[in-house]
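Q: The sequence shown begins at 497 in our numbering and counts up by one. C-beta atoms are modelled at their ideal positions from N, C-alpha and C, and glycine is treated no differently.
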Amino acid sequence: MSEPVRQMTVFDSARERLGVEYARALLGAVAAPDQAATVVAELEAFVLEVLDRAPGVAALLESLRVPVAVQLAALDKTLAGRVSAPLLTFLKVVCRRRRFDCLRAIAREARTQLRAQQGRVEVLLRSATPLDDALCARISQRLEALLGQRVDLVKEQDPAVIGGVVMRVGDTVYDASVARSLERLRQTAADAVAQAARESLNLFATALESKA
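#1: One question on the structure: do residue 554 and residue 547 come within less than 7 Å of each other, judged by their Cβ atoms?
#2: To the nearest whole angstrom, what separates the beta carbons of residue 525 and residue 596, a pair I think is in contact under 8 Å?
#3: Starting from residue 621 and walking both ways along the beta strand (DSSP E), at which residues does that stretch end?
#4: Whole angstroms is fine: what's the gap from residue 588's alpha carbon to residue 571's?
#5: Taking the C-alpha atoms as reference points, what is the distance between residue 668 and residue 662?
#6: What is the C-beta distance between residue 601 and residue 543, in whole angstroms, given that I count them as a contact (C-beta under 8 Å)?
#7: For residue 514, I'd like the list of residues in its chain whose CB is within less than 8 Å of its CB, leaving aside the five on either flank, ordered along the chain.
#8: Within 10 angstroms of its Cβ, does residue 608 collect 16 or more other Cβ (buried), or is it exposed?
#9: Taking only runs of the alpha helix (DSSP H) that begin and end inside the stretch 570-624, which ones reach a length of at least 4 residues, in chain order?
#10: When you compare the CB positions of residue 610 and residue 532, do they come within less than 7 Å of one another, or not?
#11: Can you tell me which of the three DSSP states residue 637 falls into?
#12: Give the C-beta separation of residue 636 and residue 650 to the nearest angstrom, bearing in mind that I take them to be a contact with Cβ-Cβ under 8 Å.
#13: Do the CB positions of residue 639 and residue 619 come within less than 7 Å of each other?
#14: Report the option in 605, 567, 528 and 574 whose CA atom is closest to the CA atom of residue 512.
#15: When you compare the CB positions of residue 465 and residue 645, do they come within less than 7 Å of one another, or not?
#16: Should residue 656 be counted as a contact of the ligand MN given a C-beta to heavy atom distance under 6 Å?
#17: Do residue 655 and residue 624 have their CB atoms nearer than 7 Å?
#18: In whole angstroms, what is the alpha-carbon distance linking residue 508 and residue 632?
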C-alpha cells in the first residue's frame, strides 16, 4: 500500500508557504523554549476546539466581508484571559492581514518547526491492529538510535494496511505492509506479462519480415 496522494491546489500550496512564514514568525516572537511549547499547544487547541468545532466562528474569522474590527472584537471576547498574550497578539496580526484561512497550516508548521528546534521528529505508525506499548517503546528506541533525534511516536489503526505496518518519518513513508507486498507482486507480474507480450510481437514481426 502506498501513501495516499493529496491533490494540492494552488490555494493549498499558497497556504502551506504562508504557514511556514507565519509559524517562523510566531516562534521567533517567543524567546523561552517552554513558552514556545505552550504557545504552539494553545494554537493547536484553538484550531481544534474553535475553528474545527465551531464552523460559525471559523467562517466569521476567515471571511473577507466581515470588518476586521468585528473579527478582532470576537477574538478578544473569545480568548482574552484564556490564552497567552503572545498567541492572542499573533492571532490579531493574522486577522489584520486577512490570513485566518491559513491558520491550520500555520499550526501544523509551528509544531513541525518546534520539533526541529527541540531535536525531535514525529513518526506515524499505521497498522491494521493495535500495537502494544512494549513494541512501540522498542520501535521508538531503535528509531532514536538511527535518527539521532527524540521520537514522538503517533499510533494509528487502519484496516486497509492488511498486515505489517506503514511508517512515516517526516515526509518519508516506509511501507512494510502485506498490501504493499501484494502491490509489488502484482506490478512485477504485470511487467513480466508486458515484457513477454513485447517479445512475442517482436518474434512475430521478425517472422513476417523473413517471409517477405
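A: So, from the data block:
#1: yes
#2: With 8 Å as the limit, residue 525 and residue 596 do not qualify as a contact, their Cβ atoms being about 18 Å apart.
#3: 616-623
#4: 8 Å
#5: 11 Å
#6: So it is not a contact: roughly 10 Å between Cβ atoms.
#7: 595, 598, 601 and 602
#8: buried
#9: 581-592 and 599-613
#10: yes
#11: helix
#12: Incorrect: roughly 11 Å between the Cβ atoms, too far for contact.
#13: yes
#14: 605
#15: The structure shown does not extend to residue 465, since the chain is modelled only from 497 through 708, so no value can be given for it.
#16: Among the components modelled here there is no ligand, and therefore nothing to report on the ligand MN.
#17: yes
#18: 33 Å
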